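Enquirer:
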Amino acid sequence: MYLRAYDFRQISKSYMSHSTLFIKSGAACQQARSLWRIECFKIKWYSGFVSWSSLVRLRHVTSGLYLAVISDENGPKVTRIPKKNASPIAVTFEMKMSKEKQVEENQEEEDNLGLPTVKYGETIVFIRHVDSDLWISYETLELTIKGIGKVEEKRIIPAIEGHMDDCFRLVRAQEEEQKTALVIRICNAILGRFNRTYSMSFDSEAIDHLLSKSDVIQALLHDLIVFFSQPLSSLDHEERQLRLKILRYRQDLFQEEV
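All you need for the numbering used here is the position in the sequence shown, starting with 1, plus 496.
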């Protein structure tokens, strides 16, 4: 199960913390970086339905980082952290149908797959951080961008109440989206090591070990060539057009990450 509501972007500016997260809606919701995989802490049955108040982690597909709420001297903030730092206290969230305290989603545990109360494409959910009891929300900031001027950006924050439109919609990612997002993540992890300013989500020592072997890079480049190769001319017209469409989709997803 995946969550797609906003493009959570991590912006690094001299006047902001490197861990500041912003959201962008609209066309950005179709980009690979907008995919977050929902990982349940407790699975009673394989392929069982996810119910209200299920404890989950949200993992960003293209970076491998986990959404987290952590506290510092300035108070709680929403950020992304690597798996090795993803303690249950920081990354445990709960999906709720409402922010109202009097609304309870009481469901008795049954010895079956459960009821499909949370459905793809239909269900609107609010996300609560369990440990802090804060909701994932946003605040609007006015920023000045060189060459553009003043623009409004929405920074993600943990809030006691938040806004009425703090909701998210669950989606089932298409096979090509999942596959391309994973390829983007692997490329970022390995090739990103050549840029020392790149924020890594993989263990640095493990990546350095891979880079010490030239065959790993060669294999990666070979796989990318195959991944973006043109369909064979010997295919029939219908099959060739279908594969060309898939290829263009892959190219678009990669281009959007640049």
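For each residue, glycine too, the CB sits at the ideal point set by N, CA and C.
Note that the structure is predicted; figures quoted are calculated from it, not measured.
Are the region 650-661 and the region 716-732 touching by the rule of at least three beta carbon pairs closer than 8 Å?
Expert: no
Enquirer: From G571, S547, K573, A582, pick the residue whose C-alpha is nearest to that of L554; which is it?
Expert: Ranking the options by Cα distance to L554, first place goes to A582.
Enquirer: Report, in whole angstroms, the separation of the C-beta atoms of V621 and L563, which I expect to be a contact under 8 Å.
Expert: Not quite, the Cβ-Cβ distance comes to about 14 Å (not below 8 Å), so this is no contact.
Enquirer: What three-state label does DSSP hand A655 in the structure shown?
Expert: strand
Enquirer: Since I believe I686 is in contact with D662 (beta carbons under 8 Å), could you give me their beta-carbon distance rounded to a whole number of angstroms?
Expert: Separation of the CB atoms of D662 and I686 is rounded to 36 Å, and the pair is thereby denied contact status at 8 Å.
Enquirer: Given a threshold of 16 other Cβ atoms within 10 Å of its Cβ, counted over all protein chains shown, does H625 qualify as buried or as exposed?
Expert: Looking at its Cβ environment, which holds 16 or more other Cβ atoms inside 10 Å, H625 is buried.
Enquirer: Relative to the C-alpha of F518, which residue among R744, L731, E590, K573 is closest?
Expert: K573
Enquirer: What does the alpha-carbon distance come out to for the pair V587 and D568?
Expert: 16 Å
Enquirer: Relative to the C-alpha of E638, which candidate in W532, I534, R651, V679 has its C-alpha closest?
Expert: R651
Enquirer: Would you kindly check if the distance between the Cβ of E596 and the Cβ of L551 is under 8 Å?
Expert: no
Enquirer: Compare the beta carbon distance of D627 and I585 with 8 Å and say whether it is the shorter of the two.
Expert: yes
Enquirer: Counting along the chain, where does the beta strand (DSSP E) carrying P578 start and finish?
Expert: Counting along the chain, P578 falls outside any beta strand (DSSP E), and DSSP gives it neither H nor E.
Enquirer: Once the 5 residues before and after R692 are set aside, which same chain residues still bring their CB inside 7 Å of it?
Expert: Note that R692 scores a pLDDT of 49, beneath 50, so its modelled location is shaky and nothing firm can be said.
Enquirer: Along the chain, where does the beta strand (DSSP E) containing E564 start, and where does it finish?
Expert: First, the residue type needs correcting, since residue 564 is Ala and not Glu in the sequence shown. 562-568 is the span of the beta strand (DSSP E), which, as asked, contains A564.
Enquirer: Is it right to say K741 is buried, meaning 16 or more other beta carbons lie within 10 angstroms of its own, or is it exposed?
Expert: exposed
Enquirer: In the DSSP assignment, find the unbroken beta strand (DSSP E) run with Q587 in it and report its ends.
Expert: Looking at the sequence itself, residue 587 is Val, so the reference to Gln does not match. For V587, no beta strand (DSSP E) segment is defined; the enclosing uninterrupted segment is the alpha helix (DSSP H) at 584-587.
Enquirer: Residues bridged to C536 by DSSP?
Expert: V552
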